[in-house]
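These protein sequence lines map, in sequence, to chains A and B. Take any residue in the first sequence, count from 1 to its spot, add 18: that is its number in the numbering used here. Take any residue in the second sequence, count from 1 to its spot, add 18: that is its number in the numbering used here. From the three backbone atoms N, C-alpha and C, an ideal C-beta is built for every residue, glycine too. Remember, it's a predicted structure, so these values are computed and weren't measured experimentally. Read the structure below first, then the notes.
Protein chains: 2
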Amino acid sequence: MPRNQQILLDSRPQGQAQASHFKRVCSDTPALQEGQVLVRHHYLSLDPYMRGRMNDSKSYAACQPLGQVMMGGTVGEVAESRHPDYQVGDPVVGMGGWQEWSVVDAGQPGLLRKVDTSQVPLSYYLGAVGMPGVTAWYGLTQIINPQPGQTLVISAATGAVGSAFVALAKARGCRVVGIAGGPEKCHYATQELGYDACLDHRQHPDLKSMAQALKTACPQGIDGYFENVGGHLLDAVLLRANAFARVALCGMIAGYDGQPLPLHNPALILINRMRVEGFIVSEHLQLWPQALRELGALVAAGQLRPRESIAQGLAAAPEAFLGMLHGQNFGKQLVKLI
Amino acid sequence: MPRNQQILLDSRPQGQAQASHFKRVCSDTPALQEGQVLVRHHYLSLDPYMRGRMNDSKSYAACQPLGQVMMGGTVGEVAESRHPDYQVGDPVVGMGGWQEWSVVDAGQPGLLRKVDTSQVPLSYYLGAVGMPGVTAWYGLTQIINPQPGQTLVISAATGAVGSAFVALAKARGCRVVGIAGGPEKCHYATQELGYDACLDHRQHPDLKSMAQALKTACPQGIDGYFENVGGHLLDAVLLRANAFARVALCGMIAGYDGQPLPLHNPALILINRMRVEGFIVSEHLQLWPQALRELGALVAAGQLRPRESIAQGLAAAPEAFLGMLHGQNFGKQLVKLI
Chain A
19 MPRNQQILLD SRPQGQAQAS HFKRVCSDTP ALQEGQVLVR HHYLSLDPYM RGRMNDSKSY
79 AACQPLGQVM MGGTVGEVAE SRHPDYQVGD PVVGMGGWQE WSVVDAGQPG LLRKVDTSQV
139 PLSYYLGAVG MPGVTAWYGL TQIINPQPGQ TLVISAATGA VGSAFVALAK ARGCRVVGIA
199 GGPEKCHYAT QELGYDACLD HRQHPDLKSM AQALKTACPQ GIDGYFENVG GHLLDAVLLR
259 ANAFARVALC GMIAGYDGQP LPLHNPALIL INRMRVEGFI VSEHLQLWPQ ALRELGALVA
319 AGQLRPRESI AQGLAAAPEA FLGMLHGQNF GKQLVKLI
Chain B
19 MPRNQQILLD SRPQGQAQAS HFKRVCSDTP ALQEGQVLVR HHYLSLDPYM RGRMNDSKSY
79 AACQPLGQVM MGGTVGEVAE SRHPDYQVGD PVVGMGGWQE WSVVDAGQPG LLRKVDTSQV
139 PLSYYLGAVG MPGVTAWYGL TQIINPQPGQ TLVISAATGA VGSAFVALAK ARGCRVVGIA
199 GGPEKCHYAT QELGYDACLD HRQHPDLKSM AQALKTACPQ GIDGYFENVG GHLLDAVLLR
259 ANAFARVALC GMIAGYDGQP LPLHNPALIL INRMRVEGFI VSEHLQLWPQ ALRELGALVA
319 AGQLRPRESI AQGLAAAPEA FLGMLHGQNF GKQLVKLI
């Protein structure tokens, strides 16, 4: 029975989340029952949605129970199996949580999935070919649904969702403009990820400046916006939106820690006859296979090779998570556990 | 050549619109050219969208040129015809504007339409079986798209759009809750129009009070909202919205006169996975015949018999229009011109 380090949610943040809200413990993994599989986690995924789950209030994700292992996506390999479909060594993706090992009822649908690592790196199943990639795919294809030649904008442009979004959107013939924090990320966005332009929101910290920057970067206006951040970015996009523009609301990380951030002029949604739609990708599981096929093909073809930010060891997870919430990661934020 | 009283837009409001922004003039109607028809207007329609057109800025309706006859819907009868499809005495609906007579190129599609007054009063073609009715139909069927048993809310509940909306929504088996200004309108809403409940926004002038009132009136939450007003009403609805609720943004009359009214917590659109969509009914002409058929049938069956507010004489139009913007009308606001 391997010893299993785990991280629990110890208390709920009032305002900004901090490392003290988490607690690291150690326990033995239980013996396997018939139908169960023991997975050794190689990587843990850190995602912005987890911040919402830390609150007790109604959030866009279900609430994380206090005193329990933080939920989260993991990739790893089967270390022991009492299920006929899984062999020791199989690479798998699942929701193992913030811990080094997990015991999974492998027969229960949706908990564990074997993956092919011949053309796609294992860690990518937590990013480009995982939940973040499908998130980008859903917002792009099911809400924004662009025509070739249209101009799309996305905030948090160099994150796991953004890097998949630009690859999917360029494949559809769109002009894609990113918004990211700092010159390094903007350089990475245009030089590696394929953005046509990238705006540094630190250089444009107010509505007027950001709206002007968008006007320059989007001379034909904005037809679609994928929102991960909220605040003055959404206000600025509405000012530059074309008639019938669509906004896929995926995250509003700018407001996670404090008071709600207002939308200053919602009448623009009417004036521009826009559609603004919120979604959670886990509610659209029927579309995942189609999305994952396209994302896997883009990776295999070399058109989607985003960088990853990798923290080392489970104990580093809380700080890596908090850093990601403040934009300190560079691409998909992972924790390497072996 | 009859003398034709007309009302022009004389200047643009900075802030609140006033009677002094309009100017009444008199001219001769020109002689008819081949293919033209002279229409004597019986009723002029006054609608909130006209306020938006008075501004020079980008609005949700095209700009009304200065020094020209105010645009607007009219019903009347053909007084003289040089077009083979129109006979003297034919009842017609068109966009004749704020004047007593108009000369129309009857062959040009969309400018003039003969109507049947055997089962539908002529004036209704400006309301329940006209643009406001189709507006209600579009928002209900194309955006909100409710299931039987769902709870819908509409602001400006007793106006021309609201009265059509409740008839259409009740026919689809929904619970329909109105928001209106004052006890008389609320009484009319529930006793005559068929609303299941009606909230007086004057009794609930702030977010907290309105949200509480909506909670009581909508014990199952809100599945669809038709927005004519904006401001704290929209904020309150978002607080009570169910997952996957839809908001049809048709008007935001609360903000027409001044600074934009913010939306206080747009993150609720994400949290509730909502769709918020603005529209202008004139951009969906292909759906009008279907909508008008249903609305005409409801009127003929006695299920849609809304009251009208009728001002007398063209000179009364500006004050009637300004009163409507402040909710002084009771149902569809018309000006009787004969």
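Could you tell me if Glu-245(A) is buried or exposed, where buried requires 16 or more neighbouring beta carbons within 10 angstroms of its beta carbon?
Result: buried.
Ala-285(B): which of Leu-279(B), Ala-259(B), Gln-304(B) and Gly-273(B) sits nearest, CA to CA?
Of the candidates Leu-279(B), Ala-259(B), Gln-304(B) and Gly-273(B), the one whose C-alpha sits nearest the C-alpha of Ala-285(B) is Ala-259(B).
According to DSSP, Ser-327(B) sits in a beta bridge with which residue or residues?
Beta-bridge pairing links Ser-327(B) to Gln-351(B).
Taking DSSP as the reference, what is the three-state secondary structure of Gln-23(B)?
Correct three-state label for Gln-23(B): strand.
Go ahead and pull the three-state DSSP assignment for Ser-116(A).
For the record, residue 116(A) in the displayed sequence is Trp; it is not Ser. Reduced to three states, the DSSP call for Trp-116(A) is coil.
Quick check on Ala-49(A): buried or exposed, where buried means 16 or more other Cβ atoms within 10 Å of its Cβ?
Looking at its Cβ environment, which holds fewer than 16 other Cβ atoms inside 10 Å, Ala-49(A) is exposed.
Residues in the same chain with beta-carbon distance under 6 Å from Val-179(A), minus the five sequence neighbours each way, listed in chain order, please.
Closer than 6 Å at the Cβ level, and outside the excluded window around Val-179(A), lie Pro-150, Thr-153 and Ala-154.
On the DSSP bridge assignment, give the partners of Arg-264(A) in chain order.
For Arg-264(A), which the question treats as bridged, DSSP gives the partners Gly-242(A) and Arg-293(A).
Is the stretch 222-240 of chain B touching the stretch 159-174 of chain B, taking contact as three or more C-beta pairs under 8 Å?
Result yes; three or more Cβ-Cβ pairs closer than 8 Å.
So which residues of chain A does Val-377(B) contact, with C-beta pairs closer than 7 Å?
In the structure as shown, chain B begins at 19 and stops at 356. Residue 377(B) is therefore absent and cannot be evaluated.
Contact between the stretch 55-75 of chain B and the stretch 27-41 of chain B is defined here as three or more beta-carbon pairs at a separation below 8 Å; is this criterion met?
Output reads yes: the stretch 27-41 of chain B touches the stretch 55-75 of chain B.
Where are the beta strand (DSSP E) runs, 3 residues long or more, that stay fully inside the stretch 157-184 of chain B, in chain order?
Correct list: 169-173.
Tell me whether Gly-199(B) sits in a helix, a strand or coil according to DSSP, three-state version.
Coil.
Once DSSP output is grouped into helix, strand and coil, what is the label at Leu-84(A)?
Residue state, collapsed to three classes: coil.
Would Ile-356(B) be called buried (16 or more neighbouring beta carbons within 10 Å of its own) or exposed?
Looking at its Cβ environment, which holds fewer than 16 other Cβ atoms inside 10 Å, Ile-356(B) is exposed.
By the criterion of Cβ-Cβ separation under 9 Å, what are the contact partners of Asn-260(A) in chain B?
Neighbours of Asn-260(A) on chain B: none; closest Cβ ~12 Å, over 9 Å.
Give me whichever residues DSSP pairs with Thr-92(B) in a beta bridge.
DSSP lists Leu-62(B) and Gly-112(B) as partners of Thr-92(B).
Tell me where the alpha helix (DSSP H) around Arg-131(A) begins and ends.
That residue, Arg-131(A), is in no alpha helix (DSSP H); its beta strand (DSSP E) goes 130-132.
Kindly indicate if chain A contains any beta-carbon less than 8 Å away from that of Pro-102(B).
Answer no: the Cβ-Cβ gap between Pro-102(B) and chain A never drops below 8 Å.
Please report the residue range of the alpha helix (DSSP H) in which Asp-46(A) lies.
Looking at the DSSP string, Asp-46(A) is not in any alpha helix (DSSP H); the run it does join, the beta strand (DSSP E), is 40-46.
Tell me, to the nearest whole angstrom, how far the beta carbon of Glu-295(B) is from that of Ala-266(B); I am working on the premise that it is less than 8 Å.
So it is a contact: roughly 6 Å between Cβ atoms.
Are the C-beta atoms of Ile-298(A) and some chain B residue less than 8 Å apart?
Yes, because at least one Cβ of chain B sits closer than 8 Å to the Cβ of Ile-298(A).
In this structure, does DSSP put Leu-217(A) in helix, strand or coil?
Three-state DSSP puts Leu-217(A) in a strand.
Please classify Leu-303(B) as buried or exposed, where buried requires at least 16 neighbouring CB atoms within 10 angstroms.
Per the 10 Å Cβ criterion, exposed.
Please work out which residues of its chain come closer than 6 Å, Cβ to Cβ, to Glu-198(A), disregarding the five sequence neighbours upstream and downstream, and give them in chain order.
According to the sequence shown, residue 198(A) is Ala rather than Glu. Hits under 6 Å: Ala-175, Thr-176, Cys-204, Ala-207 and Cys-216.
Could you check whether the stretch 90-110 of chain B touches the stretch 44-61 of chain B, counting it as contact only if at least three pairs of C-beta atoms, one from each stretch, sit closer than 8 Å?
Yes, the stretch 90-110 of chain B touches the stretch 44-61 of chain B.
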